[in-house]
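> Pasting a structure below so you can have a look.
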Amino acid sequence: MIETRDKSNRLTIELSNESDYSKFEVFAKVIQKEFDVEIIKQLDGIDQQYWDFDFGNCILVLHLEHFMGIDIHISDASNDDLLRKVARKIKEETT
Numbered sequence: 109m110i111e112t113r114d115k116s117n118r119l120t121i122e123l124s125n126e127s128d129y130s131k132f133e134v135f136a137k138v139i140q141k142e143f144d145v146e147i148i149k150q151l152d153g154i155d156q157q158y159w160d161f162d163f164g165n166c167i168l169v170l171h172l173e174h175f176m177g178i179d180i181h182i183s184d185a186s187n188d189d190l191l192r193k194v195a196r197k198i199k200e201e202t203t
């Protein structure tokens, strides 16, 4: 897993460097099952997908971008530990 930060210091974790739509859906199912959260928004385009998950105090975003891969980020930078926990669980359940 590769961690990066944007200009506003928001953490992003790369889950896959492949733009695999079926893998994206598997990752989404792991998030839902393991953390008992719901998808609150799905934006599906030709070359991108953004699915938002409601974690109560923050929104976790699962993102696929064609040629870039699949990553996750969270709306509140103070929840970096939660983001890392979700990323670890996805890796555990899918490798």
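Using my numbering, read the sequence shown as starting at 109 and increasing by one per residue.
We treat Cβ as the ideally placed atom computed from N, Cα and C, and that holds for glycine.
#1: Please state if the CB of I148 and the CB of I167 are separated by a distance shorter than 9 Å.
#2: By the three-class DSSP mapping on this structure, what secondary structure does F135 have?
#3: Could you give the DSSP three-state label for V60: helix, strand or coil?
#4: Based on DSSP bridge pairs, tell me the residues matched to D179.
#5: Take D162 as the anchor and find which of D179, D184, E133 has the nearest alpha-carbon.
Per the coordinate set shown:
#1: Going by C-beta atoms, I167 is nearer than 9 Å to I148.
#2: It is helical.
#3: Because the chain here runs from 109 to 203, residue 60 falls outside it and cannot be looked at.
#4: According to DSSP, which records beta bridges pairwise, D179 is partnered with E122, H171.
#5: Here the closest residue by C-alpha is D184.
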